């Protein structure tokens with residue numbers, strides 16, 4: 001059998017306990033809302049649960065965005081202090097991945113349709 005090594009990745013460097021609490025509250029309210037729907041509670045009760053859930057979701061989103069912006073500001077300050085300029089470029093690549101050429105460049109119809117049809121006809125001609 002194969003043993004897998006699990007490495008915990010810290011994807012969100014700006015994740016705080018406040019964000020975790022807000023996420024847990026949002027998930028708790030989401031579960032309550034789903035239970036209310038499943039147990040066929042009254043429409044008023046379901047609507048009240050839904051509004052509470054939406055408020056928690058919006059609050060979480062705002063807190064996340066504020067934390068992210070604050071994190072980016074501190075990274076920009078650190079990058080400005082760096083004399084080599086390497087941190088600036090790493091920050092640019094982090095903010096816009098297309099500068100790192102991570103985006104896929106789509107090319108459709110590289111060969112003209114008539115040329116492609118001729119190639120197919122030639123291959124069939126060679127076979128038969």
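In full-length UniProt numbering, the protein residues as written are 1 to 128.
Glycine included, each C-beta is placed from N, C-alpha and C at the ideal position.
Source: prediction; values computed, not measured.
Straight-line Cα distance separating residue j from residue i
i           : j           : result
residue 30  : residue 53  : 6 Å
residue 111 : residue 90  : 37 Å
residue 9   : residue 70  : 21 Å
residue 26  : residue 88  : 36 Å
residue 6   : residue 121 : 53 Å
Same chain, Cβ closer than 7 Å to residue i, neighbours up to 5 away in sequence not counted
i          : result
residue 67 : 14, 16, 19
Burial state of residue i (16 or more Cβ within 10 Å)
i           : result
residue 4   : exposed
residue 113 : exposed
residue 126 : exposed
residue 86  : exposed
C-beta atoms of residue i and residue j nearer than 9 Å
i           : j          : result
residue 75  : residue 93 : no
residue 37  : residue 46 : yes
residue 44  : residue 32 : no
residue 117 : residue 63 : no
Residue i: first and last residue of the uninterrupted alpha helix (DSSP H) it sits in
i           : result
residue 83  : Element bounds for residue 83: n/a, residue is neither H nor E.
residue 115 : 113 to 127
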